[in-house]
Amino acid sequence: MLSIRPLHLMLFLLVMCLWGFNFAVVKIGLRDLTPLMLTALRFGLVAVILLPFVKPPKGRWLDIAIITILLGVLHFSLNFTGLAGLNASTAAIAIQLQVPFASILAAIFLNDKLGWRRGLGMTIAFVGVAVIAGEPRVEGQYFYLSLVILAACIWSVANLVIKIRPPIDGLSLLAWMSAFSAPALFLCSLALETGQMEDLRAIGWEGVTSVIYQAVFVVVIGYGIWYRLLPLYDMNITMPITLLIPPVGVLSGVIVLGESLTLTFITGAAITIVGVAIILVRRPTTAAPEIERV
Numbered sequence: 008m009l010s011i012r013p014l015h016l017m018l019f020l021l022v023m024c025l026w027g028f029n030f031a032v033v034k035i036g037l038r039d040l041t042p043l044m045l046t047a048l049r050f051g052l053v054a055v056i057l058l059p060f061v062k063p064p065k066g067r068w069l070d071i072a073i074i075t076i077l078l079g080v081l082h083f084s085l086n087f088t089g090l091a092g093l094n095a096s097t098a099a100i101a102i103q104l105q106v107p108f109a110s111i112l113a114a115i116f117l118n119d120k121l122g123w124r125r126g127l128g129m130t131i132a133f134v135g136v137a138v139i140a141g142e143p144r145v146e147g148q149y150f151y152l153s154l155v156i157l158a159a160c161i162w163s164v165a166n167l168v169i170k171i172r173p174p175i176d177g178l179s180l181l182a183w184m185s186a187f188s189a190p191a192l193f194l195c196s197l198a199l200e201t202g203q204m205e206d207l208r209a210i211g212w213e214g215v216t217s218v219i220y221q222a223v224f225v226v227v228i229g230y231g232i233w234y235r236l237l238p239l240y241d242m243n244i245t246m247p248i249t250l251l252i253p254p255v256g257v258l259s260g261v262i263v264l265g266e267s268l269t270l271t272f273i274t275g276a277a278i279t280i281v282g283v284a285i286i287l288v289r290r291p292t293t294a295a296p297e298i299e300r301v
């Protein structure tokens, strides 16, 4: 299939905007809530919305448990904790390292030939993030940046697990992973964070809106559209569209949060996106988001 129907293209673009805008939305939510509590509420609402419409994945509970630990607990807790200390625009670019990480794991565990072009793309992507890390505004935030990069790596591991196991319906996976992740993250919040219950009792409209946006617009609507359209087109057509997520994420930080853009940041971001683009063009299925990536 060589082209995308206009209506489908508009829907794909809508999803990219919903996902990219989420970086600013999460940052706003973190003003009212601690990272783990915000993540727990996100997954809790997703579970409440989706569970009535999906069937239990019989015989796949171990897979669900693994994805819950990797993605629901580790990836999102690290990503949101990192985002708490970073600009949304910086996080929107750094998390794109999940694509080169996925390529590395595919080469190791799936015997996917890396090739010099994808190797070059991986190198370029990491160089781009290194350029951003050299910015004065990131100074003192390297711990948070490392958390986002680690979250990107864990996402690629979770994505690999999904690829090597028999397929599970996407929305069913999201629903049951959310159902198990929410209580696990709530307990982690009680154990590792302070002041979260006070924040929850005093939550304002921004925090509530952030949770609703993440659950309804990012997951239910965004992934609902994505999973419906994805089988209709080849990966080499659909996956390059995901390159819009980081620019939208950067713009959301600039427009909504008032973050500044510097020449160094723009250069590093452009380098990273070019590197990711090379990987997606060469092997679009390698980093296909089988599971949540924002």
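For the sequence shown, position 124 matches number 131 in our numbering, and the numbering has no gaps at all. All residues carry an ideal CB built from backbone N, CA and C; glycine is no exception. Since the model is a prediction, treat every value here as computed from it, not as a measurement.
If distances are taken between C-alpha atoms only, which option among Trp183, Val226, Gly66, Ile115 comes closest to Ile74? Trp183
What are the start and end residues of the alpha helix (DSSP H) that includes Gly147? Run containing Gly147: none; DSSP gives neither H nor E here.
Cβ-Cβ distance between Gln148 and Thr97 below 9 Å: yes
Whole-angstrom distance between Arg289 and Arg124, CA atom to CA atom: 8 Å
Contact with chain C by Phe28, beta-carbon distance below 9 Å: In the structure shown, chain C cannot be found, because there is only a single protein chain.
Going along the chain, which residues of its own chain have a beta-carbon closer than 7 Å to the beta-carbon of Ser188, five neighbours each way excluded? Phe50, Thr75, Gly79, Val80
DSSP state of Met8, grouped into three classes? Because the pLDDT at Met8 is just 43, under 50, the model does not fix this residue reliably, and the value given afterwards should be weighed accordingly. Three-state DSSP puts Met8 in coil, outside helix and strand.
If you measure between the beta carbons of Phe19 and Ile232, is that distance less than 9 Å? yes
Report buried or exposed for Asn94, applying the criterion of at least 16 other Cβ atoms within 10 angstroms of its Cβ. buried
Mapping the DSSP letters down to three states, classify Tyr230 as helix, strand or coil. helix
Ile210 in three-state terms, based on DSSP: coil
Nearest-angstrom Cα distance between Ile278 and Asp241? 26 Å
Going along the chain, which residues of its own chain have a beta-carbon closer than 6 Å to the beta-carbon of Gln105, five neighbours each way excluded? Ala159, Trp162, Ser163
Contact between the stretch 35–44 and the stretch 202–215 is defined here as three or more beta-carbon pairs at a separation below 8 Å; is this criterion met? yes
Tell me whether Leu18 sits in a helix, a strand or coil according to DSSP, three-state version. helix
Hey, quick one: how far does the alpha helix (DSSP H) through Met44 stretch, first residue to last? 42–57
Neighbourhood of Ser196 by C-beta, 7 Å cutoff - its chain only, sequence neighbours within 5 removed: Thr41, Leu43, Met44, Ala47, Gln203
Can you name the start and end residues of the alpha helix (DSSP H) that Thr274 belongs to? 270–289
Can you tell me whether Thr75 is helix, strand or coil according to DSSP? helix
Using CA coordinates, which residue listed in Phe193, Gly135, Val281, Gly282 is at the minimum distance from Leu52? Phe193
In whole angstroms, give me the CA-to-CA distance for Gly22 and Ile115. A small correction: the amino acid at residue 22 is Val; Gly does not occupy that position in the sequence shown. Going by the C-alpha atoms only, they are around 31 Å apart.
Integer-rounded CB distance, given that Ala137 should sit under 8 Å from Val283: With a Cβ gap of about 14 Å, Val283 and Ala137 do not count as contacting.
Sort Ala99, Lys62, Lys65, Gly36 by Cα distance to Val155 and report the nearest one. Ala99
The alpha helix (DSSP H) enclosing Ala189, as first and last residue numbers: 177–199
Taking only three categories from DSSP, how would you classify Lys265? Per the sequence shown, the amino acid found at residue 265 is Gly instead of Lys. Coil.
Integer-rounded CB distance, given that Ile285 should sit under 8 Å from Gly128: 3 Å
So, with DSSP's three-state summary, where would you put Leu127? helix
Looking at Leu178 and Tyr234, is the spacing between their C-beta atoms short of 9 Å? yes
Extent of the continuous alpha helix (DSSP H) run through Leu81: Neither: Leu81 is in no alpha helix (DSSP H) and is coded neither H nor E.
Can you name the start and end residues of the alpha helix (DSSP H) that Asn243 belongs to? 242–245
For Met17, count neighbouring Cβ atoms within 10 angstroms of its own Cβ and tell me buried if that reaches 16, exposed if not. exposed
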